[in-house]
Every structure is written in C-alpha cells, then in structure tokens.
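Asks: I have a structure here, written as structure tokens, and I will follow up with some questions on it.
Residue numbers (full-length UniProt numbering): 1 to 243.
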C-alpha cells in the first residue's frame with residue numbers, strides 16, 4: 001500500500017467530499033458494469049461457459065492494483081470511477097485485448113462523436129453475470145491448520161516488503177495489539193500478493209490496538225482501534241497490558 005492507501009492519522013486532508021450518491025454520472029454505472037462482467041467471466045470461477053473472448057483472471061485485487069500503481073497526485077486528482085477506468089484500460093492493454101494505439105484512437109473517436117454507446121449483449125454472458133451476482137466468490141474455506149494465536153494473545157504486526165498490492169495498512173506495521181477474536185474457518189485472498197504472504201487460505205483475526213500506540217499524543221480517549229488481519233501479518237509479541 002502506497003501513501004494514498006493508508007491515510008490513518010494524517011491531518012490536513014481537507015476538503016473531504018461528502019458525496020453520498022453511488023453513481024454521480026451515467027458513465028460510472030457503465031464502468032461498474034464492465035468490472036462486474038469481468039469478475040463474472042473470470043475463468044477461475046466454476047460457472048457455465050459463454051462465447052465471450054474474455055479469458056484471463058480479473059478480481060478485486062487487479063482493480064486495486066491499478067489504483068495503487070497510480071502516481072499519488074493523480075490518485076487524488078481523479079474521481080473514484082476514473083481510477084477504475086484507468087485500471088481496467090491498463091489491464092486490457094497489458095493482456096493484449098487491445099493495443100494502446102487502438103484504445104487511444106477509439107477514445108478520440110468517441111469523444112468527437114455524439115453517437116450513443118452500444119447497448120445489450122449476449123444472453124449466455126448476461127446469465128453468467130446474473131448468477132455471479134447471486135452467488136459471489138466466497139473467500140471462506142475449511143481451516144487447513146489450527147490458528148497460531150488465541151484470544152488475549154499479544155501480537156506484533158509484521159512489516160513485509162510489498163512492492164505491489166498488500167492488505168496490510170501501513171499505520172499498523174510494527175505495532176503491538178491483542179487478539180480480540182479468532183474468526184471461524186480460514187479465508188483466502190483474491191490473489192497471491194507475493195512476498196507479503198497473503199493468498200492461500202489462513203486464519204483471520206480481529207486485533208485490537210491502543211490508539212495512543214498508533215498515533216502518540218494525537219488521539220481521543222476512551223476508545224479502541226480494531227483491525228481484521230490475516231495470520232501472515234502477525235507474529236508473537238511480549239505481553240501487552242490489557243486494552
């Protein structure tokens with residue numbers, strides 16, 4: 001996670017948008033639909049075959065990788081679904097579905113025309129998307145091994161190298177907390193994140209932290225900070241006072 005993805009405790013980030021609408025512009029609905037269709041057609045899912053030529057894996061992790069790879073200044077400059085559009089476009093170019101030159105040409109042609117975008121689609125593709133929306137992609141699995149930690153154990157958050165995507169918030173690295181609960185079963189992640197160890201099924205814990213340890217001298221009193229963390233991000237720590 002780069003700077004723009006772990007802002008916990010940072011000040012001076014105003015102005016903050018209070019927009020509550022899910023979609024502000026009509027094109028944002030289309031971007032969401034494209035992403036959903038890509039998720040549904042991703043070949044790792046055990047769903048009915050379709051005539052779609054989309055044949056490479058696409059998950060939420062791929063979408064997040066695109067946003068996390070952005071220059072931080074661009075990240076704050078673009079709207080939410082503009083970031084989605086950038087990540088999806090880069091993916092299609094990288095996977096060879098379209099060349100950058102062709103994408104640029106089609107974009108220029110669209111921007112210079114008032115023609116409406118095509119509507120409708122293949123019946124089998126639509127059916128698979130609807131089924132995906134109903135069933136989803138559950139990350140829960142049977143626990144392969146017993147959890148390493150129990151409720152009340154003191155743990156230290158690891159500080160793994162993470163050149164690319166990670167699920168570990170930056171402001172928790174090297175911090176010490178207490179296991180508040182152990183979730184049943186085990187949980188996978190959408191992809192293997194590499195050296196930071198997340199991907200395969202593993203126990204997940206709710207860990208509680210003293211905010212004063214996270215942001216010394218800059219917190220309110222009488223509250224506790226909780227975070228759900230994969231076991232790969234935790235290691236034993238010396239006994240910590242009760243939170």
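Idealized CB from N, CA, C, for every residue including glycine.
Mind listing, in chain order, the continuous alpha helix (DSSP H) runs of no fewer than 4 residues lying wholly within the region 157-228?
Replies: With a minimum length of 4 residues, the continuous alpha helix (DSSP H) runs that stay inside the region 157-228 are 211-214.
Asks: Does DSSP classify residue 154 as helix, strand or coil?
Replies: Here residue 154 sits in strand by DSSP.
Asks: Suppose you measure from the CA of residue 221 to the CA of residue 214; what does that come to, to the nearest Å?
Replies: One C-alpha to the other measures close to 13 angstroms.
Asks: Evaluate residue 77 with the Cβ neighbour count: other Cβ atoms within 10 Å of its Cβ, from every protein chain shown; 16 or more gives buried, anything less gives exposed.
Replies: The residue is exposed, with fewer than 16 neighbouring Cβ atoms inside 10 Å.
Asks: Beta strand (DSSP E) containing residue 236: first to last residue?
Replies: Here the beta strand (DSSP E) through residue 236 covers 234-236.
Asks: Going by the DSSP bridge assignment, what does residue 244 pair with across the sheet?
Replies: Since the first residue of the chain shown is 1 and the last is 243, residue 244 is not available in this structure.
Asks: Report yes if the CB atom of residue 18 is closer than 8 angstroms to the CB atom of residue 35, and no otherwise.
Replies: No, these two residues do not count as a Cβ contact at 8 angstroms.
Asks: Keeping to the same chain, check which residues put their C-beta closer than 8 angstroms to that of residue 122; ignore five residues upstream and five downstream.
Replies: So the qualifying residues of the chain are 50, 51, 52.
Asks: Excluding sequence positions up to five away, which residues of its chain have a Cβ less than 6 angstroms from the Cβ of residue 182?
Replies: Excluding sequence neighbours, residue 182 sits near 147, 205.
Asks: From residue 238 to residue 171, what does the alpha carbon distance come to, in whole angstroms?
Replies: If you take the alpha carbons of residue 238 and residue 171, they lie about 20 angstroms apart.
Asks: Confirm, please, whether the CB-CB distance from residue 167 to residue 198 is below 8 angstroms.
Replies: Yes, Cβ-Cβ distance for residue 198 and residue 167 is below 8 angstroms.
Asks: Just the C-alpha distance for residue 29 and residue 118, rounded to the nearest angstrom, thanks.
Replies: C-alpha separation (whole angstroms): 14 angstroms.
Asks: Among 48, 56, 31, which residue has its Cα nearest to the Cα of residue 42?
Replies: For residue 42, the nearest C-alpha among the options comes from 56.
Asks: To the nearest angstrom, how far is it from the Cα of residue 225 to the Cα of residue 149?
Replies: Going from the Cα of residue 225 to the Cα of residue 149 covers about 19 angstroms.
Asks: Quick one: what's got a C-beta closer than 6 angstroms to residue 234's C-beta in the same chain, skipping five residues either side?
Replies: Once the five neighbours on either side are set aside, the close Cβ partners of residue 234 are 155.
Asks: Report, in whole angstroms, the separation of the C-beta atoms of residue 47 and residue 132, which I expect to be a contact under 8 angstroms.
Replies: At roughly 7 angstroms, the Cβ-Cβ gap stays under 8 angstroms, so residue 47 and residue 132 are in contact.
Asks: Using only CA atoms, which one of 232, 175, 193, 200 lies nearest to residue 210?
Replies: Ranking 232, 175, 193, 200 by Cα distance to residue 210 puts 175 first.
Asks: Give every residue of the same chain whose Cβ lies closer than 6 angstroms to the Cβ of residue 71, excluding the five residues on either side of it in the sequence, and list them in chain order.
Replies: There are no such residues.
Asks: Per DSSP, which residues does residue 141 bridge with? Please list them.
Replies: DSSP lists 186 as partners of residue 141.
Asks: Quick one: measure Cβ to Cβ for residue 244 and residue 186, integer angstroms, because I've assumed they're closer than 8 angstroms.
Replies: Given that the chain is displayed from residue 1 to residue 243, the structure contains no residue 244 and the question cannot be resolved.
Asks: Tell me the residue span of the alpha helix (DSSP H) that contains residue 106.
Replies: Note, residue 106: alpha helix (DSSP H), 100-111.
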